[in-house]
Amino acid sequence: MAPCMQMPFTYGAYRDMLRALKTQGYAFCGYEDWRDVEKSVILRHDIDFDTAAALEMAELEVREGVKSTYFALLRTGFYNPFERNCTEHLRRIVGLGHDVGLHFDETQYDEGENMPAAIEREAAALSGILEVPVRCVSMHRPSNVALEADWDVPGIVNSYSKELFHSFEYVSDSHRHWRKPVLDLIRSNECSHLHILTHPFWYGEIEASLKESLDRFSKRARAERVTFLDSNFTNLDEALDPACVMASRVTLLQGVRLRTDRLVLRSLRLDDAPDMFEYTSEPEVSQFLNWHPHRETEEAKSWIASKLARAEVDDLLLGMELRESSKLIGTVRAYHFDAVTSSCEISYALNPLYQGCGYMGEALRCLVDTCFEAVGVKRVVACIDCENAASVHVACRLGMERVSGGDFFTSIKGEERLQHTYSLKRRLQ
Numbered sequence: 027m028a029p030c031m032q033m034p035f036t037y038g039a040y041r042d043m044l045r046a047l048k049t050q051g052y053a054f055c056g057y058e059d060w061r062d063v064e065k066s067v068i069l070r071h072d073i074d075f076d077t078a079a080a081l082e083m084a085e086l087e088v089r090e091g092v093k094s095t096y097f098a099l100l101r102t103g104f105y106n107p108f109e110r111n112c113t114e115h116l117r118r119i120v121g122l123g124h125d126v127g128l129h130f131d132e133t134q135y136d137e138g139e140n141m142p143a144a145i146e147r148e149a150a151a152l153s154g155i156l157e158v159p160v161r162c163v164s165m166h167r168p169s170n171v172a173l174e175a176d177w178d179v180p181g182i183v184n185s186y187s188k189e190l191f192h193s194f195e196y197v198s199d200s201h202r203h204w205r206k207p208v209l210d211l212i213r214s215n216e217c218s219h220l221h222i223l224t225h226p227f228w229y230g231e232i233e234a235s236l237k238e239s240l241d242r243f244s245k246r247a248r249a250e251r252v253t254f255l256d257s258n259f260t261n262l263d264e265a266l267d268p269a270c271v272m273a274s275r276v277t278l279l280q281g282v283r284l285r286t287d288r289l290v291l292r293s294l295r296l297d298d299a300p301d302m303f304e305y306t307s308e309p310e311v312s313q314f315l316n317w318h319p320h321r322e323t324e325e326a327k328s329w330i331a332s333k334l335a336r337a338e339v340d341d342l343l344l345g346m347e348l349r350e351s352s353k354l355i356g357t358v359r360a361y362h363f364d365a366v367t368s369s370c371e372i373s374y375a376l377n378p379l380y381q382g383c384g385y386m387g388e389a390l391r392c393l394v395d396t397c398f399e400a401v402g403v404k405r406v407v408a409c410i411d412c413e414n415a416a417s418v419h420v421a422c423r424l425g426m427e428r429v430s431g432g433d434f435f436t437s438i439k440g441e442e443r444l445q446h447t448y449s450l451k452r453r454l455q
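Per our numbering, the sequence shown runs over residues 27 to 455.
Structure below.
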C-alpha cells in the first residue's frame, strides 16, 4: 500500500479519525475485551518521549468518548515514571478511564536473559507506580527475535502476540510516517478488527515538520535540565545566565494546566475558536486593544493558530476554561519576562457574559501567584488605557497600584492613547 498522505499529525486530524471509526461502527476495545464484539479497534499509544504529550492525547480522547491503551517505558533516558510529574501524568491517564501498559525495551538487557521474567518484574514495578494492575505489554522497537518469540507472561497480554497479529489489521505511524492509508482502511469497511498505533509526541494543535517537532523537544528538554538544576542548586541564577534560568522556568509552564475553584487555565486549542469568537466579536472587548472585532469564527481560529505557531519563550498565554462545562470564557497572559528587573507584564480578556462573577480575579490571582512562585519574578505590571475603567477595576481588586510616573502614550488602531501603569509587588513570606 502507498504511504498515507491524507492524515496530518494534528489533534484535529486525530479527532477526525476517531469520528470516522465511530461512523463505521467500530467498538473501542482494550486487549482483553475485543473478542466480545464483531467489529473492534484497539487504539495503542507508545509513550516513547513525553508523558505530558500522552496525557494531552488522553484528554482529547475522553472529550470524544473514546478509551485507549498507553504504553509507558520503565527504562528510558527520556523520562522517569518514578518522577513526580511523570507519575501524575500516568495516573491521570488511568483516572480518565484509559489503560496503561508496559512498553518493554529488550535492549536494556543482556542477550540470553529471561525476557518474560524481566517483563513480569517491570510490569510489577509499573503497577506499583500506577496503583492498578498492568495487564498488557508492547515491545519498544522489537527485534525479529522478540517478534518470533511470542513471549507469554502470565496475566499479561502481549500486543505483539501471534493471535493479535493474525486477528487484526495493524497500522502504525512509527517515525512520523504512516505505513498504510489508515483513513482509507477505516472507510473501506473491509477490516473487522483494527489495531492502530500512534505516538502522541508527534501530534499538536498545528502541523509541525519532523525537524520542528524535534527542535521543540530539544529546547524543552534543555529547559527541564536547567529547572532541575534550579530546584537542586541554591541561587542558580547567580551561576548561570539569569535570563536563561527564567526562560527555562517559563518554557516549562507553557503546557501547564492550572486549576482554581471554578476554572482551568490551560493552553489554547484550535477548537476553542467558537467560544473565543463569542466574545472577540464584541466591540467592547477590543475597544482598547490593537485589533478589531472578529467578523467570523475563522478569524478567531487563525489568531489561535498564529499564537501556537509563534510561541515565544517569554510568553505564557492561557485560556480560561470553566471546570463544569469546559467552555472557554477568556484568556490571561503573562509576558515580557525580564530577569534584570525581575518582572513581567500581564493582560487579560473576558467574555462580557461572564463579567461580574469574579472569574477574572480568580484567574489572575492564580496566574500572578504562578509568576511569583514558579518563575520567581518580584513584580507584575499591567499597562491599561486611561479610559478602561473595567480593566482598572480588575487590577485594583488584584491589589495592583498605579505607578507614579508610569504614564505613556501608545498607538491603538492609529490613535495615540494614554496608558497608565499598574504594579503589584511580591510579598515576601
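By construction, the Cβ of each residue, glycine as well, lies at the ideal position given by its N, Cα and C atoms.
Answer yes or no: do residue i and residue j have a C-beta to C-beta separation smaller than 9 Å?
i	j	result
Ile73	Tyr96	yes
Ala416	Tyr448	no
Leu86	Tyr135	no
Val394	Ile372	yes
Met141	Ala175	yes
Thr224	Tyr52	no
Lys404	Ser369	yes
Phe398	Ala273	no
Pro226	Val366	no
His203	Arg70	no
Met426	Val406	yes
Gly402	Arg248	no
Val88	Gly127	no
His219	Lys48	no
Given that a residue counts as buried once 16 or more other Cβ atoms are within 10 Å of its Cβ, and exposed if not, what is residue i?
i	result
Asp298	buried
Glu442	exposed
Phe35	buried
Cys112	buried
Leu44	buried
Trp317	exposed
Ala421	buried
Thr456	In the structure displayed, the chain extends from 27 to 455; residue 456 sits before or after that span and is not available.
Met31	Note that Met31 has pLDDT 49, beneath the 50 cutoff, so the model's placement of it is unreliable and no number is given.
Ala28	Its pLDDT being 42, under 50, Ala28 is placed unreliably in this model, and the value from its coordinates should be taken loosely. Exposed, by the Cβ-count rule.
Asn184	buried
Phe435	exposed
Val208	buried
Phe75	buried
Cys55	buried
Leu81	buried
Thr260	exposed
Glu347	buried
Pro488	Not covered by the structure: residue 488. The range shown for the chain is 27 to 455.
Leu173	exposed
His320	buried
Asp256	buried
Since residue i and residue j should fall inside the 8 Å C-beta cutoff, what is the C-beta to C-beta distance between them, to a whole number of angstroms?
i	j	result
Leu116	Leu156	6 Å
Ser342	Tyr361	It should be noted that the sequence gives Leu, not Ser, for residue 342. With 8 Å as the limit, Leu342 and Tyr361 qualify as a contact, their Cβ atoms being about 7 Å apart.
Ala46	Arg205	Contact doesn't hold; Cβ gap of about 18 Å is too wide.
Leu279	Ala389	Leu279 to Ala389, Cβ: 15 Å. No contact.
Met165	Phe130	6 Å
Tyr374	Ile355	That belief does not hold up - the Cβ atoms of Tyr374 and Ile355 are roughly 11 Å apart, past 8 Å.
Leu294	Lys327	Contact doesn't hold; Cβ gap of about 10 Å is too wide.
What residue from the options has the CA that sits closest to residue i's CA?
i	options	result
Glu148	Glu174, Tyr186, Ser169, Thr102	Thr102
Val290	Ser257, Thr436, Glu109, Gly345	Gly345
Leu266	Thr253, Val276, Leu278, Thr277	Thr253
Ala79	Val92, Phe104, Val358	Phe104
Leu100	Gly154, Leu255, Val63	Gly154
Gly281	Tyr305, Leu122, Gly230	Gly230
Phe314	Pro300, Val208, Ala39, Asn414	Asn414
Arg292	Ser185, Cys392, Arg41	Cys392
Gly121	Arg428, Phe434, Val403, Lys93	Lys93
Glu216	His446, Trp228, Glu195	Glu195
Glu58	Glu90, Ser187, Arg167, Ala172	Ser187
Ala144	Ile119, His124, Asp125, Pro180	Pro180
Arg251	Ser235, Glu238, Cys270	Cys270
Ala335	Leu173, Phe75, Ser235	Ser235
Arg246	Gly382, Thr277, Val197	Thr277
Ser198	Trp228, Ile182, Glu90	Trp228
Ala331	Val339, Glu308, Met302	Met302
Asp125	Ile182, Asn106, Asp178	Ile182
Arg452	Ser430, Leu424, Ser437	Leu424
Asp42	Glu90, Trp60, Val63, Arg428	Glu90
With a floor of 3 residues, list each beta strand (DSSP E) that falls wholly inside the segment 99-154, ordered by position along the chain. 125-130
Complete alpha helix (DSSP H) runs within the segment 163-239 (minimum length 4 residues, chain order): 170-175, 188-193, 208-214
Counting only runs of 4+ residues fully inside the segment 350-384, write out the alpha helix (DSSP H) ranges in chain order. For the segment 350-384, not a single whole alpha helix (DSSP H) run of length 4 or above is found.
Give, in chain order, every unbroken run of the alpha helix (DSSP H) that is at least 4 residues long and sits entirely within the segment 49-93. 77-89
Jot down the residue ranges of each uninterrupted alpha helix (DSSP H) in the segment 241-302, minimum 4 residues, whole runs only, in chain order. 262-265, 268-279
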